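Peer 1: Numbered by my numbering, the letters in the sequence shown go through residues -13 to 259 in order.
Glycine included, C-beta positions come from ideal geometry on N, C-alpha and C.
In this text, all values refer to a predicted model and were calculated from it rather than measured experimentally.
Supplied in structure tokens, the structure appears directly below.
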Amino acid sequence: MKRHHQRICGRAYATLERRKPWCFPWAWRKREFGRWLLIGLALLLASGFPIHTPRFATAEQAEAHVVVISIDGLMPDYYRNPDRYGLKIPTLRRLRNEGAFADAVIGVYPSVTYPSHTAIVTGARPRDHGIYFNRIFEEPTAPQTGRWYWWASAIRSDTLWAAARRAGRRTAAISWPVTVEAEIEHNIPEIFDPRAAQGGPPAWALVAQHARPAGLVEEILQAVGKPDALEDDDLRVEAAGYLLTRFRPHLLLVHLIQLDGVQHRTGPHSKEA
């Protein structure tokens, strides 16, 4: 599993770079039930994206598009045994049946959202890519800001979007962790004000402030007809569709978060989840 995962990720990265496939040194820790599941590799295999780069690529192959979707909190049992939980999930069923899927997740340590998602786009261990936890460590005696690793400048390893940019490929991202001010052409980063629960600004306003290019959030909200919301996964999916059809990115990263949030509140396998 580990070697297979390394080989696939290395080749996908190499395709963006147009160079010989290579693999990263992964430091994975096996878990029977992952906190989240990356569906991107299944999409990669099921969508026809060329894992092996032909020596003489056709124009269609050169314009291949990769969509990586992370469903935060999705455990393998949800898509392996959906009937047990009364889940319809037709898209995930089709990916499972016609594509590729995993029985378990081999994750980095610590296996929390921000280090994990940064490992996905760098192929590096947290000790190397520099994102050690969700929140930035603050001395207990210092003022507590509650800041997370939002800014891409904290990443110390090369990223997929940087490789795509060097290869002249278009990039986009929606709610992907650690992407504020990343070199992503169309980027709606994940960021929020820890004070929001105490009367701070709404999350969408802060996201819009850091989106690139300026005005992208407002453009999408107007296009999908939801001018007042940016905090549910349905809108994130609609936004992803808008970016795909309007800007045709070669690499699109999408992070869906509601399932994880619900499970934190009500527990795994709960009715709400």
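Pop quiz: Glu171 and His241 are said to be a contact at Cβ under 8 Å. What is the actual Cβ separation, rounded to whole angstroms?
Peer 2: Actually they do not touch by this definition, with Cβ atoms about 17 Å apart.
Peer 1: By Cβ distance below 8 Å, which residues in the same chain neighbour Val223 in space, the five residues on each side in sequence not counted?
Peer 2: Counting only residues of its own chain and dropping the five nearest sequence neighbours on each side, Val223 has a CB closer than 8 Å to the CB of Val240, Leu242.
Peer 1: Decide if the region 91 to 103 is in contact with the region 114 to 132; the criterion is three or more beta carbon pairs, one per stretch, under 8 Å apart.
Peer 2: yes
Peer 1: With Asp63 and Asp246 assumed to form a contact (beta carbons below 8 Å), what rounded beta-carbon distance in angstroms separates them?
Peer 2: That pair is no contact at about 15 Å.
Peer 1: What I want to know is whether the C-beta of Phe178 ends up closer than 8 Å to one or more non-hydrogen atoms of the ligand MN.
Peer 2: Ligands in the displayed structure: none, and consequently the ligand MN is not present.
Peer 1: Residues in its own chain within less than 6 Å of Arg156 by CB, not counting five upstream and five downstream?
Peer 2: Glu171, Pro235, His236
Peer 1: In this structure, does DSSP put Thr157 in helix, strand or coil?
Peer 2: It is a strand residue.
Peer 1: Quick one: what does DSSP say Ile170 is sitting in, helix, strand or coil?
Peer 2: Taken through DSSP and simplified to helix, strand or coil, Ile170 comes out as coil.
Peer 1: Between Tyr335 and Val248, is the Cβ-Cβ spacing less than 9 Å?
Peer 2: Summary: the structure shown does not reach residue 335, with the chain confined to residues -13 through 259, and so no result is reported for it.
Peer 1: With H, G and I counted as helix, E and B as strand and the rest as coil, what does DSSP make of Arg198?
Peer 2: In this structure, Arg198 counts as strand in the three-state DSSP scheme.
Peer 1: Using three-state DSSP, classify Phe42 as helix, strand or coil.
Peer 2: Since pLDDT at Phe42 reaches only 47, below the 50 mark, its modelled position is unreliable, and no value is offered.
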